[in-house]
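**Q** Have a look at the structure that comes next, please.
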Amino acid sequence: MKTPRISPETRLVLEKFVERPTDWRYGYELSRVTGLKSGTLYPILMRLENYTLLEARWVATEDGVPPRHTYRLTPNGLEYARTHLAEARPPFMVRQPAFCSG
Amino acid sequence: MRQMLETHLRQAATVLLESAIRIAPPDTRDWGRAMRGEINHVEGPWAAIMWAIGGASVLAKHALASLFIPGRGGQGITPDAGLFAKSISLRKAALVTGGACVLAALLFFAAPPFRQAFRVALKPYQIASGNIQPGFEALAKRAEIRHDPEGLALCAVRLQSPRESARLAEEAVRLDPNLLWVYAVVGMRNPGLSEIGQWVEKLERWDPQNALFHLITAESIEQAHFRRGVWSPPTKEQERAWQSAMLGAFQSPRFDDYLNRVAELNRRVVPRYGFYDPFEVQSREQIDLPVSAFENSERFAKLRLHSGADLEARGDRKGGRDEYWTVARFGQLIDSQGRADFEHWAGTTLQAMAYRQLQASSQKGGNHAEAALFGYLAAKFDPVKGEHAGFPGESAFGLDTSRRNAAVVEISGLMILLFFGLVVVATSILIAGSRRGARPAARSAKPVATMVVLTSAVGLLFSSVTLYLTYRPYWYIFRTAVLNGGRSQTRDLGFFLNDTKTLPGVSPRVYLWLDSLLYSGSPTFLFYFWTGVTLLGLIGLVLILLRHFLGHPPSGGVQRSPRVP
Chain A
1 MKTPRISPET
11 RLVLEKFVER
21 PTDWRYGYEL
31 SRVTGLKSGT
41 LYPILMRLEN
51 YTLLEARWVA
61 TEDGVPPRHT
71 YRLTPNGLEY
81 ARTHLAEARP
91 PFMVRQPAFC
101 SG
Chain B
1 MRQMLETHLR
11 QAATVLLESA
21 IRIAPPDTRD
31 WGRAMRGEIN
41 HVEGPWAAIM
51 WAIGGASVLA
61 KHALASLFIP
71 GRGGQGITPD
81 AGLFAKSISL
91 RKAALVTGGA
101 CVLAALLFFA
111 APPFRQAFRV
121 ALKPYQIASG
131 NIQPGFEALA
141 KRAEIRHDPE
151 GLALCAVRLQ
161 SPRESARLAE
171 EAVRLDPNLL
181 WVYAVVGMRN
191 PGLSEIGQWV
201 EKLERWDPQN
211 ALFHLITAES
221 IEQAHFRRGV
231 WSPPTKEQER
241 AWQSAMLGAF
251 QSPRFDDYLN
261 RVAELNRRVV
271 PRYGFYDPFE
281 VQSREQIDLP
291 VSAFENSERF
301 AKLRLHSGAD
311 LEARGDRKGG
321 RDEYWTVARF
331 GQLIDSQGRA
341 DFEHWAGTTL
351 QAMAYRQLQA
361 SSQKGGNHAE
371 AALFGYLAAK
381 FDPVKGEHAG
391 FPGESAFGLD
401 TSRRNAAVVE
411 ISGLMILLFF
421 GLVVVATSIL
431 IAGSRRGARP
441 AARSAKPVAT
451 MVVLTSAVGL
461 LFSSVTLYLT
471 YRPYWYIFRT
481 AVLNGGRSQT
491 RDLGFFLNDT
501 KTLPGVSPRV
511 YLWLDSLLYS
521 GSPTFLFYFW
531 TGVTLLGLIG
541 LVLILLRHFL
551 GHPPSGGVQR
561 SPRVP
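If you read the sequences in order, they're chains A and B.
So for the first sequence, our numbering puts the first residue at 1; every next one is plus one.
So for the second sequence, our numbering puts the first residue at 1; every next one is plus one.
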């Protein structure tokens, strides 16, 4: 079976979900903590939800303001994230200063 | 004020996302609403705009994907294509579509009209070498190797260099004496050649009643007065010889410019050598009756008309009218037996001059009916107001259409080059980004490169279709002219080809001015100009690419900004 590929951006999103697995997170909040723009973040969320790794719900807000979508990992998603995040650290997480002699 | 601007910007962001939601596939719209729901919470109005642009691009991509793969349900991923590989199937669909467009565009090159159209489209960039007849020069060499008299004859007739034309004409006639008429066509164009006297003698023996040879002799005498840019008045003997030659022309019963033979030569030689360059093959002005022949005829006609008026004034009405009729008959001869537009115009102009004199003569003689007839004929053949007026501006398509079509063809050709270049560059980036161990910058450039491939490929196909459809009518005219000797609409082709020699929107005067400013009339200026522009463009592109690929540190070397997706 073909091994699914995970992009560095997806890994970053999964990491943020794993940090607080029970919390519902807003899209803009995720964008701020991951540094991903909406054009990158939402396709990842859409794919995670499509594979039932992520659940979403609408949250009503004050009158006149549109409701907000919130997200958190499903139990499957949490297991998947923990397994895959433990397998390999993404290259950009290895913090090795440039021009370091020691 | 600032708050108002902020409100407007947020409204604009909302409108943008709502518009994107409208075009998004139904199962993606909830995600669009989710992005819209966040706009009010994004800090800063410009950040809200950026948020909306990002969200709208996601929805637009899904809308585009649903067009290519209608049944895919709006999701960017299929399970077996790599679970978290970003937009893999969308990228594949875009690349397949782009590849199909490029292939379809390349298939156009299999069509001869398209190949010819492409060469015509790039003409403004090719005038540069200074050699305006490279095709005929190459053809002459091939014809010499093959010892092909017809090939040599065609080159002799068309090449602009007088000495080379004379040499090829001599060689053609040596190989095939039936091509003797080539001397007449070459001699008419180059009356200053030293061989003219010898050639005319042979031609007069071969075709004794043709007025053309007398016109060649007369022009040859005229040329003798004009040496190295200095005009010297003719001697009495020269003037007498010139008048004698012109009288011979005016009294000749036949006029044959041999252009029908040239057309026949075209029909046989051009396909034999596959020489389908419309610029060189269709340059008919090179072989038409030169202006000098008309100037000689007009000058001699005026002499005859004055002589007729003098005779009439002295009471010799018959002698006077005979002079007028001599001019009128010569005009009829040129008009009825010539093949070129200029010849018809010259013939009718001479007739109009003669009929005006005949009208005045009949009026004086009291024959009003005859005067009315000559008046009608003079008006009919008037070069300014008559039926044949307007030379050489008439055209079936119209001058504006020719100019517009030329611009469309030139722009389409340029766009084909541009889009093809973009496809090549973007494909190279995609290949570089897909290799194992590719730089992160190359990997992150893949989505943009995919979009560039797709849009450039579509542009390439569109430009190719436009070029083909716009040029196709001219290709038919060219084929008809070359293979059947047909002259209908060749004027349209001529106008069109003339317009394609300069860039759209740039007046030929600008070319002449630039040329004279820097190179004193040398056509090489254009070559250096466009080479410089192209080189600067290429250097700029290379610098951008270098900055893109080398400007980012390797992923393992320093911390990578997480903001780069």
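We treat Cβ as the ideally placed atom computed from N, Cα and C, and that holds for glycine.
Can at least three beta-carbon pairs, one atom from the segment 290-300 of chain B and one from the segment 261-279 of chain B, be found at a separation below 8 angstroms?
**A** No contact exists between the segment 290-300 of chain B and the segment 261-279 of chain B.
**Q** Tell me the residue span of the alpha helix (DSSP H) that contains A376(B).
**A** Working through the second sequence from its first residue, we reach residue 376(B) at position 376. The question names Ala, yet the displayed sequence has Tyr at residue 376(B). That run of the alpha helix (DSSP H) goes H368 to K380.
**Q** Is H45(A) close to chain B? Criterion is C-beta to C-beta, closer than 9 angstroms.
**A** To locate residue 45(A), count along the first sequence from 1; it is residue 45. Here residue 45(A) turns out to be Leu, not His, going by the sequence shown. Yes, because at least one Cβ of chain B sits closer than 9 angstroms to the Cβ of L45(A).
**Q** Which stretch, first to last residue, makes up the alpha helix (DSSP H) that contains A346(B)?
**A** Against the second sequence, residue 346(B) aligns to sequence position 346. Unbroken alpha helix (DSSP H) run through A346(B): D341 to K364.
**Q** Exposed or buried, A166(B), counting other C-beta atoms within 10 Å across all chains shown (16 or more means buried)?
**A** Residue numbering aside, residue 166(B) sits at position 166 when the second sequence is read from its first letter. Buried: at least 16 other Cβ atoms inside 10 Å.
**Q** Distance check for L53(A) and T22(A), CA to CA, integer angstroms please.
**A** Taking the first residue of the first sequence as 1, we reach residue 22(A) at position 22. Taking the first residue of the first sequence as 1, we reach residue 53(A) at position 53. Taking the straight line joining both Cα atoms gives about 14 angstroms.
**Q** Of the residues L543(B), I539(B), G98(B) and Y471(B), which one's Cα is nearest the Cα of F114(B)?
**A** As a working mapping, residue 114(B) is identified with position 114 in the second sequence. Closest option to F114(B), Cα to Cα, is Y471(B).
**Q** Are the C-beta atoms of A56(A) and some chain B residue less than 9 angstroms apart?
**A** In the first sequence, the residue the question calls residue 56(A) occupies position 56. Yes, its Cβ sits closer than 9 angstroms to a Cβ of chain B.
**Q** If contacts are defined as beta-carbon pairs under 8 angstroms, then L203(B) and A184(B) qualify, I think. What distance do you get, rounded to the angstrom?
**A** Translated into positions along the second sequence, residue 203(B) becomes position 203. Translated into positions along the second sequence, residue 184(B) becomes position 184. About 6 angstroms; that satisfies the 8 angstroms criterion.
**Q** Taking buried to mean at least 16 other C-beta atoms within 10 Å of its own C-beta, is V15(B) buried or exposed?
**A** On the second sequence, position 15 is the one that residue 15(B) refers to. V15(B) comes out exposed.
**Q** Flag this pair as yes or no: are the beta carbons of L45(A) and Y71(A) separated by less than 9 angstroms?
**A** Here residue 45(A) refers to the residue found at position 45 when the first sequence is read from its first residue. Here residue 71(A) refers to the residue found at position 71 when the first sequence is read from its first residue. Yes, they are a contact pair.
**Q** Counting only C-beta atoms, is D492(B) closer than 9 angstroms to chain A at any point?
**A** Here residue 492(B) is taken as the residue at index 492 of the second sequence, counted from 1. No, no contact with chain A.
**Q** Just the C-alpha distance for P562(B) and E87(A), rounded to the nearest angstrom, thanks.
**A** Within the second sequence, the letter at position 562 stands for residue 562(B). Within the first sequence, the letter at position 87 stands for residue 87(A). For P562(B), the predicted model reports a pLDDT of 36, less than 50, meaning its position is unreliable; a value from the coordinates is still stated below. If you take the alpha carbons of P562(B) and E87(A), they lie about 20 angstroms apart.
**Q** Within the continuous beta strand (DSSP E) that includes V59(A), where are the two ends?
**A** The residue labelled residue 59(A) in the question sits at position 59 within the first sequence. Taken as a continuous stretch (DSSP letters only), the beta strand (DSSP E) holding V59(A) covers L54 to V59.
**Q** Taking the beta strand (DSSP E) that L73(A) belongs to, which residues open and close that run?
**A** For the purposes of this step, residue 73(A) is taken as residue 73 along the first sequence, with counting starting at 1. L73(A) -> beta strand (DSSP E) spans R68 to L73.
**Q** On the DSSP bridge assignment, give the partners of R25(A) in chain order.
**A** The count along the first sequence starts at 1 and reaches residue 25(A) at position 25. R25(A) pairs with Y71(A).
**Q** Pick from L483(B), G494(B), S412(B) and R491(B): whose alpha carbon is nearest that of F582(B)?
**A** Any answer about residue 582(B) is impossible in this case: the structure gives chain B only from 1 up to 565.
**Q** Sort E264(B), W345(B), S244(B) and P253(B) by Cα distance to L303(B) and report the nearest one.
**A** Counting from 1 along the second sequence, the entry for residue 303(B) is found at position 303. Residue S244(B) is the option with its Cα nearest to L303(B).
**Q** What does the alpha-carbon distance come out to for the pair D499(B) and A407(B)?
**A** Taking the second sequence and counting its residues from 1, the one referred to as residue 499(B) is at position 499. Taking the second sequence and counting its residues from 1, the one referred to as residue 407(B) is at position 407. If you take the alpha carbons of D499(B) and A407(B), they lie about 8 angstroms apart.
**Q** Provide the residue(s) that pair with N210(B) in DSSP beta bridges, ordered along the chain.
**A** By one-based count along the second sequence, residue 210(B) stands at place 210. Answer is R254(B).
**Q** Quick check on P75(A) - is its C-beta less than 9 angstroms from some C-beta in chain B?
**A** To locate residue 75(A), count along the first sequence from 1; it is residue 75. So no, P75(A) is outside the interface.
**Q** Closer than 7 angstroms between beta carbons: that is the criterion. Which residues of the segment 435-446 of chain B meet it against chain A?
**A** Within the segment 435-446 of chain B, no residue qualifies.
**Q** Chain B partners of P67(A), CB-CB under 7 angstroms?
**A** What you label residue 67(A) is simply residue 67 of the first sequence in a count that begins at 1. Chain B residues near P67(A): G37.
**Q** Pull out every residue of the segment 25-45 of chain A whose Cβ sits closer than 9 angstroms to any Cβ of chain B, in chain order.
**A** Taking 9 angstroms as the Cβ-Cβ cut-off against chain B, the residues of the segment 25-45 of chain A that qualify are Y26, G27, Y28, E29, S31, R32, T34, G35, L36, K37, S38, G39, T40, L41, Y42, P43, I44 and L45.
**Q** Mind reading off the beta-carbon distance from Y324(B) to Q357(B)? Whole number of angstroms is fine, and I expect it under 8 angstroms.
**A** For the purposes of this step, residue 324(B) is identified with residue 324 of the second sequence, where counting begins at 1. For the purposes of this step, residue 357(B) is identified with residue 357 of the second sequence, where counting begins at 1. Contact holds; Cβ gap of about 5 angstroms.
**Q** State the CB to CB distance for the pair L152(B) and E171(B), rounded to an integer number of angstroms; the pair is presumed to be in contact (CB under 8 angstroms).
**A** Counting from one through the second sequence, the residue named residue 152(B) turns up at place 152. Counting from one through the second sequence, the residue named residue 171(B) turns up at place 171. Rounded, the Cβ-Cβ distance is 5 angstroms, consistent with contact.
**Q** Just to confirm before moving on: does the CB-CB distance between F330(B) and A211(B) stay below 9 angstroms?
**A** Translated into positions along the second sequence, residue 330(B) becomes position 330. Translated into positions along the second sequence, residue 211(B) becomes position 211. Cβ atoms of F330(B) and A211(B): closer than 9 angstroms.
**Q** Hey, how far is the Cα of K123(B) from the Cα of V453(B)?
**A** The residue given as residue 123(B) occupies position 123 in the second sequence. The residue given as residue 453(B) occupies position 453 in the second sequence. Looking at the two C-alpha atoms, the distance is approximately 27 angstroms.
**Q** Do you know how far the Cα of R479(B) is from the Cα of R435(B)?
**A** As a first step, residue 435(B) must be located in the second sequence, where it is residue number 435. As a first step, residue 479(B) must be located in the second sequence, where it is residue number 479. Each residue's Cα considered, the two are about 50 angstroms apart.
**Q** Residues of chain A with CB closer than 7 angstroms to the CB of W31(B), please, in chain order.
**A** Here residue 31(B) is taken as the residue at index 31 of the second sequence, counted from 1. By Cβ distance, chain A contributes Y42 and M46.
**Q** Whose Cβ in chain E lies nearer than 8 angstroms to the Cβ of S57(B)?
**A** Any reference to chain E falls outside this structure, whose protein chains are A and B.
**Q** Please return the same chain residues whose Cβ sits closer than 6 angstroms to the Cβ of P208(B), not counting the five positions on each side in sequence.
**A** Translated into positions along the second sequence, residue 208(B) becomes position 208. Once the five neighbours on either side are set aside, P208(B) has no close Cβ partner at all.
**Q** From S232(B) to S307(B), what distance separates their C-alpha atoms?
**A** Start at 1 with the first residue of the second sequence, and residue 232(B) comes out as number 232. Start at 1 with the first residue of the second sequence, and residue 307(B) comes out as number 307. C-alpha separation (whole angstroms): 26 angstroms.
**Q** Counting C-beta neighbours from all protein chains within 10 Å, is the total for G64(A) 16 or more, i.e. buried, or is it exposed?
**A** Against the first sequence, residue 64(A) aligns to sequence position 64. G64(A) is exposed by the Cβ-count criterion.
**Q** Do G433(B) and A449(B) count as a contact pair if the criterion is CB distance below 9 angstroms?
**A** Stepping through the second sequence from its first residue, residue 449(B) is reached at position 449. Stepping through the second sequence from its first residue, residue 433(B) is reached at position 433. Yes.
**Q** Less than 6 angstroms between C-beta atoms, sequence neighbours within five positions excluded: which residues of the same chain meet that for M415(B)?
**A** Walking along the second sequence from the start, residue 415(B) turns up at place 415. If we look at M415(B) and ignore the five residues flanking it on each side, its Cβ neighbours are S463.
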